[in-house]
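Beneath this line is the structure, given in structure tokens, with notes to follow.
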Amino acid sequence: MSLLHMAWRNLMNRRVQTLITVIVVSIGVAMTLSIMMLSAGIKQGIVKASEPFGMIVGSKGSANQLVFNTIFLMDNPLANISLDYYHTLENDPRVTQTVPFALGDNYRGFRLVGTTPSFFALKGKPSDPPYFQLTDGRLFDKPFEAVLGAKVAKETGLKVGDRLVSGHGVAKSLQHDEDHKDHPYTVVGILHSVSAPSDQGIYVSMDSYWISHEHPGEQKHEEDEHGVTAALVKPRSYVDLMKMYQEINQGKEAQAVFPGQVIAKIFDMMGSGEQILKYISYVVLGMAGLTVVLALYGSTVERRRTVAILRAIGASRSAVVTIVLLESVLVVVFGCVLGTALGGGLTWLLSGYIGSQISVTVAVAYSWDVAAVIGGVALLGMIAGILPAVSAYRTETARYLHTA
166 MSLLHMAWRN LMNRRVQTLI TVIVVSIGVA MTLSIMMLSA GIKQGIVKAS
216 EPFGMIVGSK GSANQLVFNT IFLMDNPLAN ISLDYYHTLE NDPRVTQTVP
266 FALGDNYRGF RLVGTTPSFF ALKGKPSDPP YFQLTDGRLF DKPFEAVLGA
316 KVAKETGLKV GDRLVSGHGV AKSLQHDEDH KDHPYTVVGI LHSVSAPSDQ
366 GIYVSMDSYW ISHEHPGEQK HEEDEHGVTA ALVKPRSYVD LMKMYQEINQ
416 GKEAQAVFPG QVIAKIFDMM GSGEQILKYI SYVVLGMAGL TVVLALYGST
466 VERRRTVAIL RAIGASRSAV VTIVLLESVL VVVFGCVLGT ALGGGLTWLL
516 SGYIGSQISV TVAVAYSWDV AAVIGGVALL GMIAGILPAV SAYRTETARY
566 LHTA
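Per this note's numbering: the sequence shown ends with 569, consecutive numbering throughout.
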């Protein structure tokens, strides 16, 4: 009978105790892996969502709110910047591209985004193809035509040729469901999914957005009605970018923000909570290691007579030590396998929920960091088996055979 088989038989003779130990190890592994994979997935999703966006200009206020509203289609929009100010940016010789955004309406909770066709030509990098691609139909080219994000089309069932009526506000409300019933939109295109918040947008022309907010019989206020919620501005060079950034922020009309800086702050805020969760998972892993030690040590004490018999029939001290260490390794291996499966399943479930809450697709993938954690736990298991192994090594054969 091989030493591995003997170790397995010993574990099976204590099924309940072995199962409990395996479960404790698997919980620690699952918690650690889930925290790592969710953290990496959220960060990857946030970075991917901001890829095509450079410097964003909006009215004075919260930089976080400006980025969340413009890129992630979350939070309330800030006040508008004037159309004249936008044209000043657009006509600046240092600027190669400007894309306006008008936000404030929704359809069934999905936000309408007033913009121009140049939005669909945005790229993550200059050498990349356009970030947004159509799966059906065409882009809008006149007022009250709409292009749907992939998630909007999927969840509403709208298709090319259908009509929709928007309501005022950024959240779904029965009170405002048909505020703009006199100005329905016709769906002319559907975008390919980019697994980003833009999948949840309904894109319309700036003209249609402004027209839908005009009130017949009331005096028009050009500054308010024809304003721009935010604008994406791409200067010609890095030097121009930094100069414009400083000029805009030193002025009184608007602020300029770099999404990357805001996202870095978000990651910093996430970091504190992430560390706390990691420390908790490490405590659970430590408890799992202690459980392995206690379980094996207890079984070694109970089996001193068995160990003495093995020694009496010729088993060496090293063979006895190896059996105990193999028991420890087997328990940890099974715990790691079960924990990896549980961690993957838990991460998959939570990623869908978290993604829906923060409007970002959370990618779930195993990485080398995950492999390092599993390897570390396996090493911990071997270390945990040392104390019981030493106890077995020191078992006095004559004493326990005489007692029997």
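Where a beta carbon is used, it is the ideal one built from N, C-alpha and C, also for glycine.
Review point. Among the residues of its own chain, which have a CB less than 8 angstroms from the CB of residue 533, if the five just before and after it don't count?
Key: none
Practice item. Taking only the alpha-carbon atoms, compute the straight-line gap between residue 232 and residue 238 and give it to the nearest angstrom. Key: 9 angstroms
Review point. What residue from 195, 188, 204, 177 has the CA that sits closest to residue 529's CA?
Key: 204
Point to revise | Delimiting residues of the alpha helix (DSSP H) encompassing residue 276 | key: First-last for residue 276: 275-280, but that is the beta strand (DSSP E), not the alpha helix (DSSP H).
Practice item. Report the three-state DSSP secondary structure of residue 184 (helix, strand or coil). Key: helix
Check your understanding: Taking the DSSP output, what are the residues bridged to residue 265?
Key -> 396
Check your understanding: Which of helix, strand or coil does DSSP assign to residue 497?
Key -> helix
Review point. Candidates 215, 537, 550: which alpha carbon is nearest residue 455's?
Key: 550
Point to revise | the segment 488-502 in contact with the segment 234-248 per 3-pair CB rule at 8 angstroms | key: no
Review point. To the nearest angstrom, how far is it from the Cα of residue 269 to the Cα of residue 443?
Key: 39 angstroms
Check your understanding: To which residues does DSSP link residue 351 through a beta bridge?
Key -> 310, 328
Review point. What is the DSSP secondary structure of residue 175, counted as helix, strand or coil?
Key: helix
Review point. Are there 16 or more other CB atoms within 10 angstroms of the CB of residue 544, so buried, or fewer, so exposed?
Key: exposed
Review point. Using the C-alpha atoms, what's the distance from residue 215 back to residue 400?
Key: 17 angstroms
Review point. Mapping DSSP to helix, strand and coil, what is residue 434?
Key: helix
Exercise for review: Can you say whether residue 256 is buried or exposed, counting buried as having 16 or more other CB atoms within 10 angstroms of its CB?
Suggested key: exposed
Check your understanding: Per DSSP, what kind of secondary structure is residue 368 in: helix, strand or coil?
Key -> strand
Practice item. Pick out the complete beta strand (DSSP E) segments inside the segment 200-264, 3 residues or longer, and give them in chain order. Key: 220-223
Review point. Taking the alpha-carbon positions, what's the residue 440 to residue 535 distance?
Key: 16 angstroms
Review point. With a Cβ-Cβ cutoff of 7 angstroms, do residue 199 and residue 511 count as a contact?
Key: yes
Review point. Which full runs of the alpha helix (DSSP H) of 4+ residues lie inside the segment 511-550, going along the chain?
Key: 533-549
Exercise for review: Using only alpha-carbon positions, find the residue among 555, 201, 506, 294 that is nearest to residue 190.
Suggested key: 506
**Study point:** CA-to-CA distance, residue 326 to residue 340, given in whole angstroms
**Key:** Residue confidence for residue 340 is low, a pLDDT of 49 falling below 50, so the modelled location carries little weight; the figure read from the coordinates is stated next. Cα to Cα, the separation comes out at about 26 angstroms.
Review point. Distance, Cα to Cα, residue 358 vs residue 259?
Key: 33 angstroms
Review point. With which residues is residue 422 paired in a DSSP beta bridge?
Key: 221
Check your understanding: Terminal residues of the continuous beta strand (DSSP E) containing residue 406?
Key -> Segment 403-415 is the alpha helix (DSSP H) holding residue 406; no beta strand (DSSP E) there.
Review point. Counting contacts by CB-CB distance shorter than 7 angstroms, is residue 211 in contact with chain B?
Key: No chain B appears in the structure shown, which is made up of a single protein chain.
Exercise for review: Could you spell out where the beta strand (DSSP E) holding residue 299 opens and where it closes?
Suggested key: 299-302
Practice item. Below 8 angstroms on the Cβ atoms is my guess for residue 369 versus residue 349; work out the distance and round it to an integer in Å. Key: Going by Cβ atoms, the distance from residue 369 to residue 349 rounds to 11 angstroms, so no, they are not a contact pair.
Review point. Between residue 501 and residue 194, is the Cβ-Cβ spacing less than 7 angstroms?
Key: yes
Practice item. Could you check which residue in 403, 417, 217 has the C-alpha nearest to that of residue 247? Key: 417
Review point. Do residue 202 and residue 446 have their CB atoms nearer than 7 angstroms?
Key: no
Practice item. For residue 272, write down the residues that DSSP places opposite it in a beta bridge. Key: 275
**Study point:** Which of helix, strand or coil DSSP assigns to residue 387
**Key:** At residue 387, the pLDDT of 45 sits below 50, so the modelled position is not reliable and the matter cannot be decided from this model.
Point to revise | Neighbourhood of residue 425 by C-beta, 8 angstroms cutoff - its chain only, sequence neighbours within 5 removed | key: 215
Review point. Which of helix, strand or coil does DSSP assign to residue 356?
Key: strand
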